[in-house]
Amino acid sequence: MKIMKTLLLKTFRFYQRFISPLTPPSCRFYPTCSHYGIEAVEKHGALKGGYLAAKRILSCHPFNKGGIDFVPEEWPPKK
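In terms of the working numbering, the sequence shown opens at residue 3 and continues consecutively.
Quick look at the structure:
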C-alpha cells in the first residue's frame with residue numbers, strides 16, 4: 003500500500019508543479035483539489051484518501067458551487 007500512497011502523492015505533486023501553472027486557476031473549492039488530494043491520502047491512506055480525492059475531483063464542475071471543503075478527520079466522513 004505504501005507504493006500506491008507514494009504514487010498518488012507524486013501524481014498530485016506532478017500536477018501541481020508542471021500542469022497547474024500552465025492553466026488559469028479554475029478550482030471551485032478551498033483547498034484546491036490537488037491540495038485536498040494530498041491531504042486526504044496522507045491522512046487516510048491510498049484507498050480511503052484516493053476515494054475522497056476522486057470524489058472531490060469529480061465534483062469540481064460548473065454545476066457545483068464549490069466552497070470550503072476540508073478533508074474529514076474521521077473515516078467514514080460524518081455529514
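Backbone N, C-alpha and C define an ideal beta-carbon position, used for all residues, glycine too.
The structure presented is a predicted model; accordingly, all values stated were derived computationally and were not measured.
Near residue i, which residues of its chain fall below 7 Å by C-beta distance, leaving aside the five closest residues on each side in sequence?
i	result
P78	none
V43	K7, L10, L11, G51, G52, A55
Give the DSSP-derived three-state secondary structure of residue i in the structure shown.
i	result
G68	coil
S22	helix
M3	coil
E41	helix
K80	coil
H46	helix
Who are residue i's beta bridge partners in DSSP?
i	result
Y32	I70
Taking residue i and residue j to be in contact with their CB atoms under 8 Å, please state how far apart those CB atoms are, rounded to whole angstroms.
i	j	result
R58	Y38	5 Å
G47	M3	7 Å
Return the chain-ordered list of same chain residues with a C-beta closer than 6 Å to the C-beta of residue i, the five sequence neighbours on each side being excluded.
i	result
S22	none
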